[in-house]
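**Student:** Sharing a structure with you now.
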Amino acid sequence: MEKTELTKAMRWKIAEYLAEDRLNEINCRVETVYVRDSLYTKYIKRLIDITVSLGVCIITLPLNIIIGIITYFDVGRPLFFIQERIGKNGKIFHIIKFRNMRDTRDEQGELLPAAQRVTRFGKIVRKTSLDELLNFWSILKGDMSLIGPRPLVPEYYYRYNKRHINRLAFRPGLECPPRRHLDHIWTWQEQFENDVWYVENVSFFTDCKMMINLVRFALEHESSNARAVSSRGTFMGYSLDGKAINMDEVPQEYIERVISEKNRTEEAVLSWEKNVKEDAGTQKKAV
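See below:
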């Protein structure tokens, strides 16, 4: 079985095993994170979020209506993609976006990769970051911030080492863009380290620089293509040297481990079904 053929449940099981085997040792080696605590982080940052997000929600309302109409004819109903994300201090919240991918699945019932499901209009929306507009509602509600570590799925929470989990010290943001130009799709390790740098250095000046980088990040050709069709894979855990890895970097032994468990489970189920049928046949003869 190839890695691409693994079901979501099998991939999640692999991540559990990686955490069980490696996190304790890795946590003993990581550097301590000193989260920034200031008047800006406590009050001013939130005030700016409310002011800006309220204005953007009002201004972009007509555009969102147009996007909603096009989305209806592009992918149909429902119009919105709603998914759980991890917020500040691990609190779960829901993000809402216009749908831009079809629900096409493979023979095992698993969703096909994003590159195969995103529509032509969806690629345009992603490249121009128009799919992020509804996030301003999440900012207004207080689930998110303008600038901050990008919100990720809840399943990642127990995979973080004790250094990277500090990326949840503040509200997640629309983006926490890289501080310098990248000529490649940045890795999970690069993103998490960038997020940790942010929580240690957040200030009004830092957010202003990040906002400029965010605009540049949104308009940059390479970055927009990366967002249009993500190809870096799922965050699975850490290598033995403490680097965050994706599915392609998972050692083969973990793949074989979950496949072996799956085969044993299937054999046990078949054996149980066989015994049930035999018992039923015996009882029928006895009657």
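Numbering that gives the first Met the number 0 applies: residue 0 is where the sequence shown begins, and numbers increase by one. Yeah, the Cβ is synthetic: ideal placement off N, Cα and C, and Gly gets one too. All values derive from a computational prediction rather than experimental measurement.
1) CA-CA distance, Thr-186 and Ile-164?
2) In terms of residues, what are the limits of the beta strand (DSSP E) holding Ile-81?
3) Compare the Cα-Cα distances from Arg-178 to each of Ile-65, Cys-207, Glu-19, Glu-252 and report the closest residue.
4) Taking the straight line between their C-alpha atoms, what separation do you get for Leu-213 and Arg-166?
5) Between the alpha carbons of His-180 and Cys-56, how many angstroms are there, rounded?
6) Considering only C-alpha positions, which residue in the set Glu-248, Tyr-16, Thr-6 is nearest to Tyr-157?
7) Between which two residues does the alpha helix (DSSP H) containing Glu-24 stretch?
8) Can you have a look at Lys-41 and say buried or exposed, based on whether 16 or more other CB atoms are within 10 angstroms of its CB?
9) Less than 7 Å between the beta carbons of Ala-14 and Gly-236, yes or no?
10) Should Gly-121 and Ser-144 be called a contact, given that it needs their Cβ atoms to be closer than 7 Å?
11) When the Cα of Phe-80 is compared with those of Ile-68, Asp-73, Gly-67, Lys-96, which residue comes out closest?
12) Check whether the Cβ atoms of Leu-78 and Thr-70 lie closer than 7 Å to each other.
13) Leaving out the 5 sequence neighbours to the left and right, which residues in its chain are closer than 6 Å to Trp-11 when beta-carbon positions are compared?
14) For Pro-250 and Arg-116, what's the separation of their Cα atoms in angstroms?
15) Using a 10 Å radius around the Cβ and a threshold of 16 neighbouring Cβ atoms, would you call Glu-265 buried or exposed?
16) Starting from Ser-144, trace the beta strand (DSSP E) both ways and give me its first and last residue.
17) Helix, strand or coil for Gly-236, going by three-state DSSP, please let me know.
18) Is it buried or exposed, Leu-239, if we count other Cβ atoms within 10 angstroms and call 16 or more buried?
19) For the alpha helix (DSSP H) containing Leu-53, list its first residue and its last residue.
20) Grab the span of the alpha helix (DSSP H) containing Gly-121 for me, first residue to last.
21) Give the straight-line distance between the Cα atoms of Asn-262 and Tyr-253, rounded to the nearest whole angstrom.
22) Taking all protein chains shown into account, do 16 or more other C-beta atoms lie within 10 angstroms of the C-beta of Ala-267, making it buried, or fewer, making it exposed?
23) With a threshold of 6 Å on Cβ separation, who are the neighbours of Leu-133 within its own chain once the five nearest residues in sequence on each side are excluded?
24) From this set, Glu-174, Glu-189, Ala-243, which residue's C-alpha is nearest Arg-215's C-alpha?
25) For Lys-96, which beta-bridge partners are listed by DSSP?
26) Name the DSSP beta bridge partners of Glu-174, please?
27) Do Ala-243 and Phe-204 have their beta-carbon atoms positioned less than 7 Å apart in this structure?
28) Using a 10 Å radius around the Cβ and a threshold of 16 neighbouring Cβ atoms, would you call Val-124 buried or exposed?
**Tutor:** Reading it off the structure:
1) 17 Å
2) 79-85
3) Cys-207
4) 18 Å
5) 30 Å
6) Tyr-16
7) 7-26
8) exposed
9) yes
10) no
11) Lys-96
12) yes
13) none
14) 28 Å
15) exposed
16) 144-146
17) strand
18) exposed
19) 44-58
20) 119-126
21) 14 Å
22) exposed
23) Ile-95, Lys-96
24) Glu-174
25) Phe-80
26) Ile-146
27) no
28) buried
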